[in-house]
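Peer 1: After the C-alpha cells below, expect a handful of questions from me.
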Amino acid sequence: MWQGIMECMNNMRDYTLLLRAFGVKLRYLRKKQMLTQEELAGMAGFNRSYYSDIENGKRNISFVGISKLAIALNVEMCELLPTKEDYHKLLDPEAKNNQETITYIYGSTVEKQLRKT
C-alpha cells in the first residue's frame with residue numbers, strides 16, 4: 000500500500016495523480032456497496048458536491064475526512080489508500096484497455112455503454 004503512494008509521490012511533482020488514484024479507489028468501494036455519491040456523502044457528513052470533487056481527484060481530503068469515509072463504508076482506512084497496482088492501472092496504457100480496469104476506474108456505467116457500441 001505505502002509503496003503505491005510513495006511511487007505516486009515520487010513520480011509526480013504535484014499530487015494530482017495521488018488525488019486521482021484515491022478518488023478512483025473511493026468510487027470503486029462506493030459502487031461495490033451500491034451507494035450513490037449523495038448517500039455516502041451524507042453518511043460521512045459531507046455535502047455531495049464536496050464528495051464528488053474528492054472522488055474526481057479535484058479536492059484534497061484530510062486524515063479526519065478519510066476516517067469519516069472509512070467509517071461510513073465500514074472499511075479500514077488503509078483500504079481507501081491507493082496501492083501500487085491502483086496507481087499502475089491509471090498509468091499503464093495496456094491496463095487502460097483491459098475491461099476490468101476500465102470498470103474499476105470509470106465504473107459500471109462505462110462498461111454498460113461499451114457493451115452497447
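Heads up: the sequence shown begins at 0 in numbering that gives the first Met the number 0, then just goes up one per residue.
Ideal Cβ positions, reconstructed from N, Cα and C, are used throughout, including at glycine.
Please read all numbers here as calculations on a predicted model, not as lab measurements.
#1: For F21, which option in Q36, A40 and I65 has the closest C-alpha, if you only look at C-alpha atoms?
#2: Which residue's Cα is closest to the Cα of A69: Q32, Y14, L16 and L17?
#3: Is the beta carbon of Y27 less than 9 Å from the beta carbon of A40?
#4: Hey, out of R47, R19, K24 and R29, whose CA is closest to L72's CA?
#5: Can L18 and N59 be called in contact, C-beta distance under 9 Å?
#6: Can you look up R58 in the DSSP assignment and give me helix, strand or coil?
Peer 2: In short:
#1: Closest by alpha carbon: I65.
#2: It is Q32.
#3: The criterion of a C-beta distance shorter than 9 Å is not satisfied by Y27 and A40.
#4: For L72, the nearest C-alpha among the options comes from R29.
#5: For L18 and N59, yes; Cβs fall inside 9 Å.
#6: Residue state for R58 is assigned as coil, using DSSP reduced to three classes.
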